[in-house]
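Asker: With full-length UniProt numbering, letter number 53 in the sequence shown gets 53, and the count goes up by one each step, no holes.
C-beta: ideal position from N, C-alpha, C; glycine also.
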Amino acid sequence: MTTEHWTVGSYLAKRLQEAGIKDYFVVPGDYNLVLLDELLSNRDLQMVSCCNELNAGYAADGYARAAGGPSAVVVTYSVGGLSLLNAVAGAYAEDLPLIAISGGPNTNSEAEWEYLHHTLGEVDYDYQREMFARVTAEAVTIHHPSLAPVAIDRAIDTAMLRRKPVYIEIASNIAGAATSAPVPRSFARQPNSDPNTLSAAVAKVSEFLNSADRPVIVAGSKVRAGQAERSLRSLAAACEYAQASMPNAKSFLTEANPNFMGIYWGPVSTPGCGEIVDAADGLLFVGPVFTDYTTTGHQLGFDPGKAVKVHPTSIQFGETHFSNVRMDEFLDALADKLTPNNGAMAAFERVKTQQSPQEPNAPDTPVTVRQLFAPRRGGVFGKRLQKAGG
1 MTTEHWTVGS
11 YLAKRLQEAG
21 IKDYFVVPGD
31 YNLVLLDELL
41 SNRDLQMVSC
51 CNELNAGYAA
61 DGYARAAGGP
71 SAVVVTYSVG
81 GLSLLNAVAG
91 AYAEDLPLIA
101 ISGGPNTNSE
111 AEWEYLHHTL
121 GEVDYDYQRE
131 MFARVTAEAV
141 TIHHPSLAPV
151 AIDRAIDTAM
161 LRRKPVYIEI
171 ASNIAGAATS
181 APVPRSFARQ
191 PNSDPNTLSA
201 AVAKVSEFLN
211 SADRPVIVAG
221 SKVRAGQAER
231 SLRSLAAACE
241 YAQASMPNAK
251 SFLTEANPNF
261 MGIYWGPVST
271 PGCGEIVDAA
281 DGLLFVGPVF
291 TDYTTTGHQL
301 GFDPGKAVKV
311 HPTSIQFGET
321 HFSNVRMDEF
331 LDALADKLTP
341 NNGAMAAFER
351 VKTQQSPQEP
361 NAPDTPVTVR
371 QLFAPRRGGV
381 FGKRLQKAGG
């Protein structure tokens with residue numbers, strides 16, 4: 001995009017492009033129409049119109065997951081923003097750098113304390129930013145074009161560094177106002193690990209895991225926050241450990257891999273999987289979140305003293321914490337130090353069980369979900385379930 005006249009809206013468009021965004025999701029409304037015109041002037045961005053704001057928010061959620069980077073959604077003020085809020089809260093919980101953009105009231109209306117349509121019927125118009133502040137890493141309102149560049153850059157930086165949503169509100173009469181030209185830049189990801197701490201963590205963990213007879217890798221939902229999907233799969237392939245995923249971390253490990261046991265979910269784990277994980281003498285949890293849901297009521301069957309927990313920016317092993325260590329860099333370095341060991345997989349092959357066919361109920365008795373789906377698992381429906389990881 002080349003232009004001699006930069007506006008707040010075209011500045012934002014350029015920064016979205018530089019952050020790696022190609023498509024942004026939109027529900028037009030009278031508070032964001034000027035902003036949308038400015039965004040459309042950037043031919044390197046594609047506007048995707050959506051039928052409602054919640055739909056647009058979840059589309060942006062999916063885009064961030066699929067692309068592994070930031071996404072953007074643009075809505076109108078209040079009636080649109082409040083509808084978007086739930087999707088943004090979900091993105092916050094899932095560590096997605098979603099950039100929520102909203103048009104805002106004309107600054108003159110705010111200065112004159114005018115009542116406006118699509119609002120709460122009060123003349124305090126900061127309420128939407130305040131609500132988004134609870135479910136974003138940063139929420140800013142732009143009321144002056146000279147302040148827009150710094151506010152926009154800071155918000156996008158925050159989204160990229162913290163892997164969390166941010167909120168940018170631009171007053172409707174400011175979106176087309178002139179501002180300074182954007183200086184070319186890139187939006188960096190997490191800073192590199194401290195080399196000394198990284199080396200110490202790799203040495204400690206590799207020594208422990210190489211001494212284990214039945215080590216296991218378990219993937220958790222924070223793998224995405226650590227931007228470590230590729231690193232995790234490379235490590236799993238190199239060490240040949242038995243593998244499992246927590247229930248909210250499906251797809252981070254390749255489920256077609258012969259060393260993949262299934263879902264680790266306490267007493268409702270894939271048959272055989274829970275027993276092997278709990279009996280492992282060396283556990284590598286990558287990105288775990290132990291909630292009431294993922295542990296079926298905080299039931300942990302494994303020995304915490306035999307578990308290494310790899311978080312997005314730190315490593316925990318027993319009482320030892322290694323801070324300022326990036327997940328992907330740790331996994332890449334660890335892969336070169338581990339000795340291949342499929343001892344736990346051999347044990348899994350001995351204990352795993354196949355689900356027996358469900359016997360039909362007597363006439364006039366309730367039909368169970370298992371019975372309902374059993375005859376379909378071998379047909380087209382079943383193949384689709386298998387492709388989806390079911």
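(1) Would you mind reading off the limits of the alpha helix (DSSP H) that contains I156?
(2) Candidates P247, D30, A66, V34: which alpha carbon is nearest G20's?
(3) If you draw a straight line from the C-alpha of T60 to the C-alpha of V79, how long is it?
(4) How big is the Cα-Cα spacing for A307 and M345?
(5) According to the Cβ coordinates, are E4 and V27 closer than 8 Å?
(6) If G81 and R214 are in contact, beta carbons under 8 Å, what's the gap, nearest whole angstrom?
(7) When the Cα of G282 is compared with those of K352, L33, F302, N324, which residue comes out closest?
(8) Any idea what DSSP makes of L284, helix, strand or coil?
(9) Could you check which residue in G287, G305, E114 has the C-alpha nearest to that of S231?
(10) For the structure I just gave you, are there three or more beta carbon pairs, one from the segment 146-159 and one from the segment 170-180, closer than 8 Å?
(11) Could you check the C-alpha separation between G390 and Y264 for me, to the nearest Å?
(12) Rounding to the nearest angstrom, what Cα-Cα distance links E18 and K250 in this structure?
(13) Identify the continuous beta strand (DSSP E) that holds E207 and give its terminal residues.
(14) Just list the alpha helix (DSSP H) runs in the segment 267-339, keeping only unbroken ones of 4 residues or longer that don't cross its boundaries, in chain order.
(15) Is the segment 172-187 close to the segment 198-207, with three or more CB pairs under 8 Å?
(16) Leaving aside the five residues before and after L143 along the sequence, list all residues of the same chain whose C-beta is less than 6 Å from its C-beta, in chain order.
(17) Three or more C-beta pairs under 8 Å: does that hold for the segment 253-260 against the segment 221-236?
(18) I'd like to know if the segment 37-48 and the segment 180-190 are in contact, where contact means that at least 3 CB-CB pairs between them fall below 8 Å.
(19) In the DSSP assignment, the beta strand (DSSP E) including E130 goes from what residue to what residue?
(20) Using DSSP bridges, identify the partner residues of Y24.
(21) I'd like to check one pair, A225 with R163: are the Cβ atoms closer than 8 Å?
(22) With distances taken between CB atoms, is the gap from L84 to A64 smaller than 8 Å?
(23) Looking at the secondary structure, which residues open and close the alpha helix (DSSP H) in which A64 lies?
(24) To which residues does DSSP link V79 through a beta bridge?
(25) Which whole-angstrom value is the C-beta distance of V75 and S102, which I expect to be below 8 Å?
(26) Rounding to the nearest angstrom, what Cα-Cα distance links residue 417 and R129 in this structure?
(27) Run the CB neighbour count on D95, radius 10 Å, all protein chains shown included, and call it buried at 16 or more, exposed below.
(28) Write down the C-beta distance between P165 and Y92 rounded to the nearest angstrom, noting that I regard them as a contact closer than 8 Å.
(29) Nearest-angstrom Cα distance between G62 and K14?
(30) If I measure Cβ to Cβ from residue 448 and keep anything under 8 Å in the same chain, skipping five residues before and after, which residues do I get?
(31) Under the DSSP definition of a beta bridge, which residues are partnered with C98?
(32) Determine the contact status of K222 and H311, defining contact as a CB-CB distance below 8 Å.
(33) Please work out which residues of its chain come closer than 7 Å, Cβ to Cβ, to S10, disregarding the five sequence neighbours upstream and downstream, and give them in chain order.
(34) Grouping DSSP H, G and I as helix and E and B as strand, with all else coil, what is E240?
(35) Please say whether L35 and Y24 have beta carbons closer to each other than 8 Å?
(36) Distance check for F187 and I156, CA to CA, integer angstroms please.
Answerer: Answer, in terms of the structure:
(1) 148-162
(2) Comparing C-alpha distances from G20 to each of P247, D30, A66, V34 shows the shortest one belongs to A66.
(3) Reading the sequence as shown, one finds Ala at residue 60 and not Thr. Their Cα atoms are separated by approximately 19 Å.
(4) Put simply, the backbone Cα of A307 is about 18 Å away from that of M345.
(5) The Cβ-Cβ distance between E4 and V27 does not fall below 8 Å.
(6) Not really, about 52 Å apart at Cβ, beyond 8 Å.
(7) F302
(8) strand
(9) G287
(10) Between the segment 146-159 and the segment 170-180 there are three or more C-beta pairs closer than 8 Å, enough to call the two in contact.
(11) Per-residue confidence for G390 stands at a pLDDT of 44, beneath the threshold of 50, marking its modelled position as unreliable; the derived number appears in the next sentence. Rounded to the nearest angstrom, the two C-alpha atoms are 14 Å apart.
(12) 30 Å
(13) Note, E207: premise wrong, no beta strand (DSSP E); alpha helix (DSSP H) at 195-210.
(14) 273-279, 327-335
(15) When C-beta atoms of the segment 172-187 are compared with those of the segment 198-207, fewer than three pairs fall below 8 Å, so the two segments do not count as touching.
(16) The question names Leu, yet the displayed sequence has His at residue 143. T107, A171, listed in sequence order.
(17) Yes, they touch.
(18) no
(19) Unbroken run through E130 is the alpha helix (DSSP H), 127-133; no beta strand (DSSP E).
(20) M47
(21) yes
(22) Not a contact, by the Cβ cut-off of 8 Å.
(23) For A64, the enclosing alpha helix (DSSP H) begins and ends at 53-67.
(24) According to DSSP, V79 bridges with nothing at all.
(25) 5 Å
(26) Any question about residue 417 goes unanswered here, given that the chain covers just 1 to 390.
(27) buried
(28) 5 Å
(29) Looking at the backbone, the Cα of G62 and that of K14 are separated by about 22 Å.
(30) Within the shown structure, residues of the chain are numbered from 1 to 390, placing residue 448 beyond reach of any answer.
(31) In the sequence on display, residue 98 carries Leu and not Cys. DSSP lists S71 as partners of L98.
(32) yes
(33) T3, E38, S41, N42
(34) DSSP places E240 in the coil class of the three-state scheme, outside both helix and strand.
(35) no
(36) Distance between I156 and F187, taken at the CA atoms: about 8 Å.
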